[in-house]
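Undergrad:
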Ligand code: KG4
Ligand code: ZN
């Protein structure tokens, strides 16, 4: 095996291919030097991500993304000091495209390699944009595949407070959108439909106030210490929306009700996420809240969280560019771990269900 040079500090090349964004970035201690993201639109026609297409598109786009990121960063291959790559969780074929690219690059150049957990990456993504988004904080991670509420004691050291027991928040957005006949990806479509509903005179709380939807696993009777205090569930909510949609369809009234139904669904998700997060702030005494993941793009979620936290918390949310999957957050997580001496072996593999690192 080629000997691996020690990490000398300096720019880290990050690679992200866990789902349908192909991204490369160059990050150093000063922040993002270069970032390129290609969102694969080949999936829209299928109403969801097709794993085989995702893997092939990653292989096709990776070289160009790396060139773009390095060009923007004004660095040469010789300047790169380490390589970070998403090793999981995600679609295994998609992940493998990035992991193999990163391994080959690091091996050929004798650079230290680090496999990054995608969801930990999302926390670093928000920290790249907010200097104060540093531990200790409450992390709320909401993506298409995961919904996690955790307490970050330090970078790399976390206490899992709660998670979804079934669908992830983003998955629920996507599935509800599909049921309502809105195109993929559904999250942004639901938000837009809810905005139309509000413009047409929705209820004051952000929803339309027209459909009574459940708030699964949210009750005043929940007590700290019960798993249900922090855990979430979105599958029942999705089914409740589907049932109403079916009823409306039979009455020929669905098309006119889509915007209001989307608004009330969105409000139910926001209500659950905001209340669980408020509980975490109250129970831990941790004021800072770091939001991450694709659903963080939802403006009503950011608004609802800020409202619910009031003066008892400080919310740090990523910009839309860093909320969506990107390699800058992966490079930032790798930079932190490489700097403290961690390395991944050349046998690094992609893991579809990689466990969150550093759980206390
Ligand atoms: O983090 P991400 O880019 O990929 C994963 O790691 O899964 O998250 C993608 C998810 C999708 O489910 C998408 O519908 C959702 O984020 N999303 C949104 C919005 N924009 C993206 N959900 C709600 N409102 C949005 N504006
Ligand atoms: Zn993600």
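Residue numbers (the working numbering): 38 to 397. The beta carbon of each residue, even a glycine, is placed where N, CA and C say it ideally should be. Values in this document were obtained by computation on a predicted structure and should not be read as measured data.
Who does residue 195 pair with in a DSSP beta bridge?
TA: DSSP, once it has assigned bridges, lists 189 and 396 as partnering residue 195.
Undergrad: If you run the structure through DSSP and keep just helix, strand and coil, what is residue 112?
TA: Coil at residue 112, not helix or strand.
Undergrad: Is it buried or exposed for residue 349, if we count other Cβ within 10 angstroms and need 16 for buried?
TA: So residue 349 ends up on the exposed side.
Undergrad: Residue 191 to residue 176, Cα distance in whole Å?
TA: Whole-angstrom Cα-Cα distance: 12 Å.
Undergrad: Is the distance from the Cβ of residue 88 to the Cβ of residue 388 below 8 Å?
TA: No, the pair does not count as a contact, with Cβ atoms beyond the cut-off.
Undergrad: Would DSSP call residue 381 helix, strand or coil?
TA: Coil, per DSSP.
Undergrad: Comparing alpha-carbon positions, which option in 106, 225 and 41 lies nearest residue 50?
TA: That would be 106, whose Cα lies nearest to the Cα of residue 50.
Undergrad: Name the DSSP beta bridge partners of residue 52, please?
TA: Answer is 61 and 122, bridged to residue 52.
Undergrad: Residues around the ligand ZN, please: the ones whose beta-carbon is closer than 6 Å to some heavy atom of it, in chain order.
TA: In chain order, the hits are 155, 159, 180, 330, 331 and 362.
Undergrad: Report the residue from 81, 291, 282 and 369 whose alpha carbon sits nearest the alpha carbon of residue 223.
TA: Taking only the C-alpha atoms, the option nearest residue 223 is 81.
Undergrad: May I ask which residues mark the beginning and end of the beta strand (DSSP E) holding residue 174?
TA: From DSSP, the beta strand (DSSP E) with residue 174 extends over 174 to 179.
Undergrad: Is residue 220 close to chain D, meaning its C-beta is less than 8 Å from at least one C-beta of that chain?
TA: Looking for chain D here will not work: only one protein chain is present.
Undergrad: Going by DSSP, what residues sit across from residue 154 in a beta bridge?
TA: Its beta-bridge partners are 125.
Undergrad: Taking only three categories from DSSP, how would you classify residue 217?
TA: DSSP places residue 217 in coil when its eight states are reduced to three.
Undergrad: Taking residue 224 as part of the alpha helix (DSSP H), name the residues at either end of that continuous run.
TA: Where residue 224 is concerned, the enclosing alpha helix (DSSP H) stretches over 223 to 236.
Undergrad: Could you tell me the boundaries of the alpha helix (DSSP H) in which residue 339 lies?
TA: Where residue 339 is concerned, the enclosing alpha helix (DSSP H) stretches over 336 to 346.
Undergrad: Quick one: using the 10 Å Cβ neighbour count with 16 as the cut-off for buried, is residue 292 buried or exposed?
TA: When all chains shown are included, residue 292 counts as exposed.
Undergrad: Mind checking whether residue 255 and residue 312 have CB atoms under 8 Å apart?
TA: In this structure, residue 312 lies closer than 8 Å to residue 255 by Cβ.
Undergrad: In three-state DSSP terms, what is residue 276?
TA: Correct three-state label for residue 276: helix.
Undergrad: Please determine whether the Cβ atom of residue 211 lies at a distance below 7 Å from any heavy atom of the ligand KG4.
TA: Result yes, Cβ under 7 Å from the ligand KG4.
Undergrad: Can you name, in chain order, every residue of its own chain whose Cβ lies under 6 Å from the Cβ of residue 266, other than the five neighbours on each side?
TA: Closer than 6 Å at the Cβ level, and outside the excluded window around residue 266, lie 259.
Undergrad: Work out the CA separation of residue 289 and residue 392 for me, nearest whole Å.
TA: Spanning the two alpha carbons is a distance of roughly 46 Å.
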